[in-house]
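Residues 144 to 468 in my numbering are what the sequence shown spells out, letter by letter. Heads up, the thing below is written out as structure tokens.
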Amino acid sequence: MPAYVGVDLGATHIRALIGDETGQELTVVSSDTPPGPTGIDVTEAVLATIRKACADVDVAPSSLVAAGIGSFGPLDLAEGAVLDPANLPDTIDRIPLTGPVGNLIESEEVYLHNDAIAGLLGARFYSDRNPDDMAYLTISSGIGAGVAVDGNILYGWDGNAGEVGHLTLDPNGYMECGCGHDGHWEAYCSGENIPKYATQLHHEDPVDTTLPIGEEAMSAAAVFEHAAAGDEFAEYVIDQISHWNTIGIANVVHAYAPLVIYVGGAVALHNPDMVLDPIRERLDDMVMTNIPDIQLTSLGDEVVAYGALASALTGGTGQRAHSPA
144 MPAYVGVDLG
154 ATHIRALIGD
164 ETGQELTVVS
174 SDTPPGPTGI
184 DVTEAVLATI
194 RKACADVDVA
204 PSSLVAAGIG
214 SFGPLDLAEG
224 AVLDPANLPD
234 TIDRIPLTGP
244 VGNLIESEEV
254 YLHNDAIAGL
264 LGARFYSDRN
274 PDDMAYLTIS
284 SGIGAGVAVD
294 GNILYGWDGN
304 AGEVGHLTLD
314 PNGYMECGCG
324 HDGHWEAYCS
334 GENIPKYATQ
344 LHHEDPVDTT
354 LPIGEEAMSA
364 AAVFEHAAAG
374 DEFAEYVIDQ
384 ISHWNTIGIA
394 NVVHAYAPLV
404 IYVGGAVALH
414 NPDMVLDPIR
424 ERLDDMVMTN
434 IPDIQLTSLG
444 DEVVAYGALA
454 SALTGGTGQR
464 AHSPA
């Protein structure tokens with residue numbers, strides 16, 4: 144039976160998903176992403192995770208037909224590598240991927256995408272509704288999008304198109320993004336920055352709150368949990384985050400005119416009602432025309448791995464017409 148592998152390389156985890164020629168999962172294995180000290184250490188961890196997944200289903204890595212990889216960026220598609228990743232230590236300047244994975248599986252069919260485009264490929268292949276004009280948005284430790292227009296996926300010349308988390312939403316630059324610039328969407332609404340935004344808002348107006356401001360327990364999850372429990376300040380923070388998220392999605396809609404936007408990433412997946420409902424309620428006030436359907440991805444935490452598997456199955460396109468099944 145032909146087998147394929149999809150790899151999700153995240154800042155904290157690596158997933159390897161082995162699937163058959165129909166895209167059916169055979170096994171998925173997860174491991175931690177090592178914090179270095181070099182990019183080669185991350186590469187070796189990816190290879191080890193693939194080997195372990197293959198061992199689970201008694202498949203030799205060299206017998207895999209093709210591999211897809213969805214990774215954090217920025218990417219160098221020509222080199223098949225991640226360059227200077229922002230979410231790992233500075234000692235990691237390059238993570239080779241396509242070459243080492245190709246050597247492991249003894250195939251040149253290795254397809255590399257940023258994680259948001261991999262999410263789009265997963266939505267395109269596995270969802271019932273997959274029009275030519277669609278987008279996948281991830282709201283997780285960072286924010287990014289994969290976009291298809293007229294059936295064509297937008298990669299950009301270097302594979303880094305869709306970095307919508309770095310759209311400037313706040314011209315006053317109230318919050319600094321992890322990239323070093325001010326006012327970016329990600330600076331307000333990503334899992335990494337929500338607690339920083341909440342803390343800054345509280346410093347400006349130190350009202351009573353049950354949130355653990357200034358403590359180690361302060362996190363994006365804490366903000367959502369306390370808001371759900373009725374803490375007024377936490378509810379205010381969520382309201383502000385919803386405002387920025389709606390502006391960001393309105394910008395995506397006006398730029399690309401998707402008919403449907405699938406949303407994933409840990410922040411959205413763990414808090415779907417509190418993240419998506421306010422966007423649906425407010426989008427009509429910000430979008431000129433053609434409001435898209437906003438849906439939570441049905442692929443859960445494994446959306447990037449499934450998208451990478453779909454890429455392996457379809458020669459990098461995610462279109463079922465290119466599937467061997």
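For every residue, glycine included, the Cβ atom is placed at its ideal position computed from N, Cα and C. Since we're looking at a predicted model, the values are computed, not measured.
Between the Cα of residue i and the Cα atoms of the options, which residue gives the shortest distance?
i      : options                        : result
SER173 : LEU152, PRO338, GLN167, GLU164 : LEU152
VAL307 : ALA278, GLY443, ASP219         : ALA278
LYS450 : VAL189, PHE268, ASP227, THR165 : Going by the sequence as given, residue 450 is Gly instead of Lys. The shortest C-alpha separation from GLY450 is found at PHE268.
MET144 : THR281, THR165, ALA259         : THR165
GLY295 : TYR331, GLY321, VAL410, ASP275 : First, the residue type needs correcting, since residue 295 is Asn and not Gly in the sequence shown. Measuring from the Cα of ASN295, the nearest candidate turns out to be ASP275.
LEU312 : GLY299, ALA393, VAL366, TYR379 : ALA393
ASP416 : ILE381, HIS256, MET431, ASP427 : ILE381
ILE248 : VAL189, HIS324, GLN383         : VAL189
VAL395 : MET429, ALA371, VAL171         : MET429
VAL447 : ILE212, THR181, PRO435, GLN167 : ILE212
GLU378 : ALA224, SER250, ASP219, LEU344 : LEU344
HIS487 : ASN230, TRP328, GLY262         : Lying before the first or after the last residue shown, residue 487 is absent from the chain, which here runs from 144 to 468.
SER270 : THR155, GLY326, VAL406, VAL410 : VAL406
ASN454 : THR342, PRO243, GLY162         : It is worth fixing the name first, because residue 454 is Ser in this sequence and not Asn. When only C-alpha atoms are compared, the closest one is GLY162.
LEU456 : ASP301, THR281, GLU252         : GLU252
ALA400 : TYR340, LEU280, SER214, ALA291 : ALA291
LEU402 : ALA196, THR432, GLY223         : THR432
VAL410 : ARG425, ASN388, GLU424         : ASN388
ALA229 : LEU220, PHE215, ASP199, ALA221 : PHE215
ALA154 : ARG423, PHE367, ILE235         : ILE235
ALA372 : THR352, ALA191, ALA198, ILE404 : THR352
LEU231 : ILE422, ILE356, PRO180         : PRO180
ILE384 : PRO421, ALA398, GLN167         : PRO421
SER441 : ARG425, ARG423, LEU412         : LEU412
ASP199 : GLU168, ASP348, LEU220, LEU226 : GLU168
GLY299 : GLY408, ASN273, ASP219, ILE404 : ASP219
GLY408 : ALA398, ILE434, GLU445         : GLU445
LYS94  : LYS195, ALA398, ASN246, ILE356 : Nothing about residue 94 can be reported from this structure: the residues present for the chain run from 144 to 468 only.
Quick test of your reading: residue i and residue j, contact by CB under 8 Å. State the CB separation rounded to the nearest angstrom.
i      : j      : result
ILE437 : LEU419 : 6 Å
ILE183 : ALA159 : Not a contact, Cβ separation roughly 18 Å.
ASN303 : PRO217 : 5 Å
LEU264 : GLY458 : In fact, because the Cβ distance is near 11 Å, the residues do not count as touching under 8 Å.
TYR147 : VAL208 : 5 Å
LEU354 : ALA364 : That belief does not hold up - the Cβ atoms of LEU354 and ALA364 are roughly 11 Å apart, past 8 Å.
HIS156 : THR170 : Wrong, their Cβ atoms sit about 16 Å apart, outside the cutoff.
PHE367 : ASN414 : 5 Å
GLY149 : LEU452 : 3 Å
ALA191 : CYS197 : That pair is no contact at about 11 Å.
In or out: residue i buried (at least 16 other Cβ within 10 Å) or exposed?
i      : result
ASP201 : exposed
ALA259 : buried
GLY443 : exposed
HIS256 : buried
SER206 : exposed
THR186 : buried
THR281 : buried
ALA330 : buried
HIS369 : buried
VAL350 : exposed
GLY223 : buried
GLY262 : buried
ASP470 : Not covered by the structure: residue 470. The range shown for the chain is 144 to 468.
ALA210 : buried
GLU375 : exposed
ASP233 : exposed
ALA221 : exposed
Any heavy atom of the ligand FAD closer than 7 Å to the beta-carbon of residue i?
i      : result
ALA370 : Of ligands this structure carries none, so the ligand FAD is not represented either.
Do the stretch 356-369 and the stretch 308-320 make contact, defined as three or more Cβ pairs closer than 8 Å? The stretch 356-369 and the stretch 308-320 do not touch, with fewer than 3 CB-CB distances between them shorter than 8 Å.
Check whether the stretch 326-343 touches the stretch 282-294, counting contact only when three or more Cβ pairs, one atom from each stretch, lie closer than 8 Å. A contact between stretches requires three or more CB pairs, one per stretch, nearer than 8 Å, and the stretch 326-343 meets this requirement with the stretch 282-294.
In chain order, what are the residue ranges of uninterrupted beta strand (DSSP E) at least 3 long that sit wholly in the stretch 229-295? 237-239, 253-257, 277-282, 286-292, all fully within the stretch 229-295.
Three or more beta-carbon pairs under 8 Å between the stretch 315-328 and the stretch 236-248, yes or no? These segments do not touch.
What are the uninterrupted segments assigned as alpha helix (DSSP H) that are 4 or more residues long and contained completely in the stretch 356-434, given in chain order? Uninterrupted alpha helix (DSSP H) stretches at least 4 residues long and entirely within the stretch 356-434 occur at 363-371, 375-399, 409-413, 415-425, given in chain order.
Which runs of the beta strand (DSSP E) at least 3 residues long sit entirely within the stretch 174-217? Give them in chain order. You should have 210-214.
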